[in-house]
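Report on the following structure.
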Amino acid sequence: DIDRLTIEVGEMKIRSFLIAEADPFVVIPLSMLGRADETPFGPMIGDYVVVFYGGKAFPAIAGDAGPTFQAGEASLRLAKALNERAGVYSRPESDLKVTYLVFPQSAEKEKGPPDLVRWRETCDRLLGGLGGLGEGYALHEWEDLIALKRAPKVEASEQPAVPDSTPLPVPPEGVKGAVGELPAVVPPPSAAEPPREIRPLEPVGDPQ
């Protein structure tokens, strides 16, 4: 019992960092844990896992322990990646179409919060030791929902002002404005109008 409790306490320290809605992890049957003395290939909490489904590969870790003789459980984040309709009461797949590839003894020695970029890089490296995924295939890239939620939001008042792009008004012809004086344009005489006779001015009234 002491050995079992020691294992469970260690697992709780690791699982305390995981959030089912944000972190991709699978559940390992309890019957497979704590058997390091029997075989070096027994999985442990924290080991890296690659989940294969529908021609895609998803990096994950063994993040929890479940029923003794039941396999196939996963976090809600991973389940929704397999099937967007998956939920607490709806499994993503009922047939034997999902494969878990566990890399035993691959858990990080130093525990810490989930690093989805590092998980993907480590799973890719471990797969490379087996020959890789093959041409045309790549591991799924997880978006860090926790970091996205913590990112500061830009308030409307903090957004940069849009510069006024309204063009300067053009003053009428011959009127001096802020942009300078525009020369008046004299239209050419119309052929339909006869030329006007210019006469000298005549004095008005008697001179003093």
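Per this note's numbering, residue 33 is the first one in the sequence shown, and the count goes up by one each step.
Beta carbons are placed, not taken as given, at the ideal position from N, Cα and C, and that holds for glycine.
Contact belief for residue 179 with residue 108 at Cβ below 8 Å, rounded distance in angstroms: Residue 179 to residue 108, Cβ: 18 Å. No contact.
Residue 160: first and last residue of the uninterrupted alpha helix (DSSP H) it sits in: 148-160
Meets three-Cβ-pair contact criterion under 8 Å: the region 58-75 and the region 97-117: Yes, the region 58-75 touches the region 97-117.
Stretch pair the region 64-75 + the region 109-128: three plus CB contacts closer than 8 Å: no
Proximal residues to residue 11 (C-beta, below 7 Å), its chain only, five neighbours per side dropped: A query on residue 11 cannot be resolved here, the shown segment of the chain reaching from 33 to 240 and no further.
Beta carbon of residue 176 nearer than 8 Å to that of residue 148: yes
Best match in 113, 111 and 146 for proximity to residue 79 [C-alpha to C-alpha]: Comparing C-alpha distances from residue 79 to each of 113, 111 and 146 shows the shortest one belongs to 146.
Option in 49, 143 and 67 with minimal Cα separation from residue 35: Checking every option, the nearest Cα to that of residue 35 belongs to 67.
Rounded separation between residue 150 and residue 122 - CA only: A straight line joining the alpha-carbon of residue 150 with that of residue 122 spans about 30 Å.
Backbone CA spacing between residue 125 and residue 160 [nearest angstrom]: Taking C-alpha positions only, residue 125 is separated from residue 160 by approximately 28 Å.
Collapsed DSSP secondary structure at residue 96 in the structure displayed: Three-state result, residue 96: strand.
Chain C contact for residue 172 (CB, 8 Å cutoff): The structure shown contains no chain C; it holds only a single protein chain.
Own chain, CB closer than 8 Å to residue 136, minus 5 neighbours either side, in chain order: 72, 73, 74, 75, 76 and 79
CA nearest to the CA of residue 155, picked from 85, 91 and 39: 91
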